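*Asks:*
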């Protein structure tokens with residue numbers, strides 16, 4: 131029950147509201163402690179009369195579903211719940227079909243909503259289901275992990291994994307509302323919190339060097355909770371919202387959000403998506419460090435910036451090198467193959483997000499695969 | 131080879147081009163005989179450098195794939211082909227996953243396209259696959275049935291069937307180009323051609339009474355081919371494009387396109403989607419007749435209009451009454467249940483497209499289910 135007490139006790143902190151501007155698909159992200167208990171009221175304001183197909187994984191349901199149910203009931207919102215197993219393998223065709231058929235069987239209509247209570251896995255799967263049932267239902271996100279609060283809560287990316295790669299099947303489908311209860315993050319393990327933190331840092335490294343410097347000064351306060359945590363999450367959401375508003379379906383500028391992700395996805399793939407070895411945020415942390423070191427190698431970024439990024443991730447308890455991934459080190463060929471399959475490839479040339487230094491990331495669409503292989507060879511044999 | 135000769139022989143007729151205006155998702159429909167042989171050139175203009183994942187069913191592939199392949203090759207377009215079984219049951223989760231995995235395995239990228247060569251089943255399935263692989267690839271439609279040329283070629287509806295009902299899973303995903311070769315329709319059976327014709331007539335009945343009158347005068351010429359056929363298809367596409375441009379995701383005005391479809395879908399469902407008993411266009415023909423008779427019963431439409439519609443469908447070889455469906459007549463309860471599951475239901479009230487007479491259809495969102503049951507009871511026991 132500590133999450134409940136923390137949540138209520140922290141209610142004195144006012145929520146921050148971040149708007150995501152996408153014309154008629156615009157929506158708000160409400161960020162603060164105790165939002166879970168206000169869920170019913172806030173949803174009823176945005177989607178009056180809608181029923182909810184609530185989707186959660188076993189872990190999150192055990193921790194938070196009772197409070198959500200109370201809040202929905204108090205607001206007079208009808209709902210059904212569907213509980214799925216926890217973990218990345220849940221993002222499968224089988225679970226998608228199960229959820230879609232349950233929603234159809236529950237006679238949910240286009241004006242009703244799918245409500246995802248959980249981390250990125252549940253958000254991606256439930257969001258994709260909401261995108262394709264009757265060609266699109268409303269969608270409400272209640273991200274319960276730091277990663278989900280700063281990443282999947284903005285931008286409308288939904289999807290599942292293919293046996294051939296992660297997130298290769300999905301849709302862009304914007305939520306109607308995102309409720310990010312920052313007090314729920316107290317139930318995360320330190321490793322999970324750190325993994326989400328890698329994505330927070332990413333926004334500083336893309337184009338907000340002053341935010342990165344602020345994170346260097348406030349990391350411990352953010353991990354402890356309270357005002358600094360809310361501010362960090364809100365800034366990350368604002369940063370992502372600004373990019374997404376410019377480029378909703380990832381044709382151009384949005385590619386910057388993939389800083390660290392081409393390497394990161396390849397590492398996740400070669401680690402067989404085994405969360406005991408590597409979770410997404412850890413892959414991103416290593417990937418961001420690789421992107422900075424690769425940029426230094428290419429003479430693009432000043433010497434020392436990569437080390438500063440590494441130091442910050444290391445202080446947060448995150449891995450920064452491929453060799454830190456437990457288990458067998460991937461082969462170069464495997465890694466290059468995984469990079470080639472990444473969906474950010476255009477017409478055969480490799481696209482990477484490189485950097486001219488902290489807060490100066492840019493999209494490079496014509497990276498020579500040989501240069502990447504040469505760089506990775508050194509990284510794999512330090 | 132008669133289709134080829136007809137196609138070339140008819141090339142003297144200039145194609146008609148209908149624009150579908152949807153801001154950055156606008157596209158053109160090219161309608162005319164012999165377009166198949168120009169496919170490569172026309173695709174290369176719209177999607178320069180894109181590779182094609184060509185999807186067709188066995189029947190259509192046998193008739194037309196060689197010519198398409200020649201045309202693509204001549205234009206320097208790389209492609210892979212995937213052949214699926216013919217028939218409505220192809221629109222399944224299993225086939226969707228097979229197609230999606232084949233596209234991913236073929237290393238098609240976001241800028242590449244899925245090319246659907248076929249009728250509505252292939253168009254819906256391939257279009258949905260293109261909507262969800264890597265969260266959206268380009269899509270080119272080459273509809274080979276009359277139904278597909280006038281219906282699915284405009285509006286971007288894609289999807290598959292759920293075990294719980296038809297088209298319950300899908301996405302709105304606009305094509306980049308539609309190539310409708312009207313000479314290919316010569317390979318259709320008279321029954322298939324007539325089924326597509328029901329959708330052509332629908333546009334007259336929605337809001338173009340003068341088009342309906344023109345169809346009454348030109349029906350035989352349209353069935354024979356040539357100029358009248360091109361004109362009928364182009365007018366139907368224009369009519370649909372005008373509605374879709376106003377309401378891309380079916381929030382309001384687009385509902386008019388469902389004239390006859392709530393009854394029609396229910397009849398298809400109770401006939402177990404058995405094409406030997408009832409194909410979609412036949413369901414629509416009966417559904418349109420039911421909508422007109424129901425409107426007369428409610429005192430909304432002048433007496434005699436329903437009979438005029440029935441006479442036109444009957445002359446085209448289409449069924450107009452539930453009793454004409456071969457096999458067991460559906461039970462009232464079954465039909466009402468199928469109507470209730472239709473996706474055009476909003477918050478429990480039944481939505482029907484009713485009419486004040488020929489060319490005067492309107493959306494009625496509060497139809498009393500008891501009135502529907504009463505009307506259907508009489509229709510089932512004439």
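Residue numbers (my numbering), protein chains in the order written: chain B, 131 to 512; chain V, 131 to 512. Backbone N, C-alpha and C fix where the C-beta goes; we use that ideal spot for every residue, glycine too. Since the structure is predicted, the reported quantities are computational estimates derived from the model, not experimental observations.
Could I get the ranges of all uninterrupted beta strand (DSSP E) runs contained in the stretch 404-462 of chain V, with 3 residues as the minimum, in chain order?
*Replies:* Qualifying beta strand (DSSP E) stretches: none in this window.
*Asks:* Please report the straight-line C-alpha distance between residue 186 of chain V and residue 203 of chain V, rounded to a whole angstrom.
*Replies:* Distance between the alpha carbons of residue 186 of chain V and residue 203 of chain V: 17 Å.
*Asks:* From residue 495 of chain B to residue 392 of chain B, what does the alpha carbon distance come to, in whole angstroms?
*Replies:* Roughly 12 Å separates the two Cα atoms.
*Asks:* Can you give me, in chain order, the residues of the stretch 254-275 of chain V that have a beta carbon less than 7 Å from any beta carbon in chain B?
*Replies:* So the list reads 261, 262, 263, 264, 265, 266, given in the order they occur along the chain.
*Asks:* Quick one: which chain V residues come within Cβ less than 8 Å of residue 301 of chain B?
*Replies:* Within chain V, the residues near residue 301 of chain B are 261, 262, 265, 266, 301.
*Asks:* What are the start and end residues of each continuous alpha helix (DSSP H) run of 4 or more residues lying completely inside the stretch 220-294 of chain V, in chain order?
*Replies:* For the stretch 220-294 of chain V, whole alpha helix (DSSP H) runs of length 4 or above, ordered along the chain, are 223-235, 250-262.
*Asks:* Here's the rule I'm using: 16 or more other beta-carbon atoms within 10 Å means buried, otherwise exposed. How should residue 458 of chain V be labelled?
*Replies:* The residue is exposed, with fewer than 16 neighbouring Cβ atoms inside 10 Å.
*Asks:* Answer with yes or no whether the minimum CB distance from residue 304 of chain B to chain V is below 9 Å.
*Replies:* For residue 304 of chain B, the answer is no, since every Cβ of chain V falls outside 9 Å of its Cβ.
*Asks:* What did DSSP end up calling residue 301 of chain V once you bin it into helix, strand or coil?
*Replies:* Strand, per DSSP.
*Asks:* Quick one: using the 10 Å Cβ neighbour count with 16 as the cut-off for buried, is residue 433 of chain B buried or exposed?
*Replies:* With fewer than 16 Cβ atoms within 10 Å of its Cβ, residue 433 of chain B is classed as exposed.
*Asks:* Only counting the same chain, and skipping five residues up and downstream in sequence, which positions put a Cβ closer than 7 Å to that of residue 259 of chain V?
*Replies:* If we look at residue 259 of chain V and ignore the five residues flanking it on each side, its Cβ neighbours are 226, 229, 230, 233, 244.
*Asks:* Keeping to the same chain, check which residues put their C-beta closer than 8 Å to that of residue 485 of chain B; ignore five residues upstream and five downstream.
*Replies:* Only 335, 389, 421, 422, 425, 430, 431, 435, 491, 492 meet the Cβ criterion.
*Asks:* According to the neighbour-count rule (16 or more other Cβ atoms, all chains shown, within 10 Å of its Cβ), is residue 380 of chain B buried or exposed?
*Replies:* Per the 10 Å Cβ criterion, buried.
*Asks:* If you measure from the beta carbon of residue 284 of chain B to each beta carbon in chain V, is any gap under 9 Å?
*Replies:* Judged by the 9 Å Cβ criterion, residue 284 of chain B is not in contact with chain V.
*Asks:* Does the beta-carbon of residue 138 of chain B have 16 or more other beta-carbons within 10 angstroms, so that it is buried, or is it exposed?
*Replies:* Residue placement at residue 138 of chain B cannot be trusted, given a pLDDT of 41 that sits under 50; what the coordinates show is reported in the next sentence. Looking at its Cβ environment, which holds fewer than 16 other Cβ atoms inside 10 Å, residue 138 of chain B is exposed.
*Asks:* Figure out for me which residue from B:396, B:506, B:441 has the closest Cα to the Cα of residue 294 of chain B.
*Replies:* The candidate whose alpha carbon is nearest that of residue 294 of chain B is B:396.
*Asks:* Mapping the DSSP letters down to three states, classify residue 542 of chain V as helix, strand or coil.
*Replies:* This structure does not reach residue 542 of chain V, given that chain V is present from 131 up to 512, and the question cannot be answered.
*Asks:* Measuring only between beta-carbons, confirm whether residue 473 of chain V sits less than 9 Å from chain B.
*Replies:* Per-residue confidence for residue 473 of chain V stands at a pLDDT of 49, beneath the threshold of 50, marking its modelled position as unreliable; the derived number appears in the next sentence. So yes, residue 473 of chain V belongs to the interface.
*Asks:* Does DSSP classify residue 177 of chain B as helix, strand or coil?
*Replies:* Residue 177 of chain B: coil per DSSP, three-state reduction.
*Asks:* Kindly indicate which three-state DSSP category residue 144 of chain B falls into: helix, strand or coil?
*Replies:* Coil, per DSSP.
*Asks:* Starting from the C-beta of residue 473 of chain V, find all residues in its chain whose C-beta is less than 7 Å away, skip the five residues before and the five after it, and write them out in chain order.
*Replies:* Low confidence applies to residue 473 of chain V: its pLDDT is 49, below 50, so where it sits in the model is not reliable, and the reading given next is rough at best. Cβ within range, chain order: 298.
*Asks:* Applying the 10 Å Cβ sphere with the 16-neighbour rule, what's the burial state of residue 514 of chain V?
*Replies:* Within the shown structure, residues of chain V are numbered from 131 to 512, placing residue 514 of chain V beyond reach of any answer.
*Asks:* Have a look at the DSSP bridge pairing and note the partners of residue 482 of chain B.
*Replies:* Paired residue(s): B:494.
*Asks:* Taking 9 Å as the threshold (beta carbon to beta carbon), is residue 382 of chain B in contact with chain V?
*Replies:* So, not an interface residue.
*Asks:* Does residue 231 of chain V come within less than 9 Å of chain B when only Cβ atoms are used?
*Replies:* Yes, because at least one Cβ of chain B sits closer than 9 Å to the Cβ of residue 231 of chain V.
*Asks:* Please list, in chain order, all residues of the same chain as residue 201 of chain V whose beta carbon is under 6 Å from its beta carbon, the five residues on each side excluded.
*Replies:* Result list for residue 201 of chain V: 167, 169, 170, in chain order.
*Asks:* Just to make sure I have the definition right: I need the residues of chain B whose C-beta is within less than 9 Å of the C-beta of residue 279 of chain V. Which are they?
*Replies:* The contacting residues do not exist; residue 279 of chain V stays about 21 Å from chain B at best.
*Asks:* Might you give, ordered along the chain, the residues of its own chain that have their beta carbon closer than 6 Å to the beta carbon of residue 501 of chain B, omitting 5 neighbours on each side?
*Replies:* There are no such residues.
*Asks:* Whose Cβ in chain B lies nearer than 7 Å to the Cβ of residue 379 of chain V?
*Replies:* The contacting residues are 266.
*Asks:* Does any residue of chain V bring its CB to less than 9 Å from the CB of residue 137 of chain B?
*Replies:* Unreliable positioning characterises residue 137 of chain B in this predicted model, as indicated by a pLDDT of 39, which lies under 50. A coordinate reading is not provided.
*Asks:* Are the CB atoms of residue 411 of chain B and residue 285 of chain B within a distance shorter than 9 Å?
*Replies:* No, they are not a contact pair.
*Asks:* When the Cβ atoms of the stretch 351-358 of chain V are set against those of the stretch 149-162 of chain V, are three or more pairs found closer than 8 Å?
*Replies:* Contact fails: fewer than three Cβ-Cβ distances are below 8 Å.
*Asks:* Once the 5 residues before and after residue 456 of chain V are set aside, which same chain residues still bring their CB inside 6 Å of it?
*Replies:* Taken in chain order, the residues that qualify are 407.
*Asks:* Taking only beta-carbon positions, decide if residue 529 of chain B is within less than 9 Å of chain V.
*Replies:* For residue 529 of chain B there is no data in the structure shown, the boundaries of chain B being 131 and 512.
*Asks:* Could you pull the start and end residues of the beta strand (DSSP E) that residue 394 of chain V belongs to?
*Replies:* Counting along the chain, residue 394 of chain V falls outside any beta strand (DSSP E), though it belongs to the alpha helix (DSSP H) covering 391-400.
*Asks:* So, is residue 146 of chain V buried or exposed, given that buried needs 16 or more other C-beta atoms within 10 angstroms?
*Replies:* Answer is buried; the Cβ neighbour count reaches 16.
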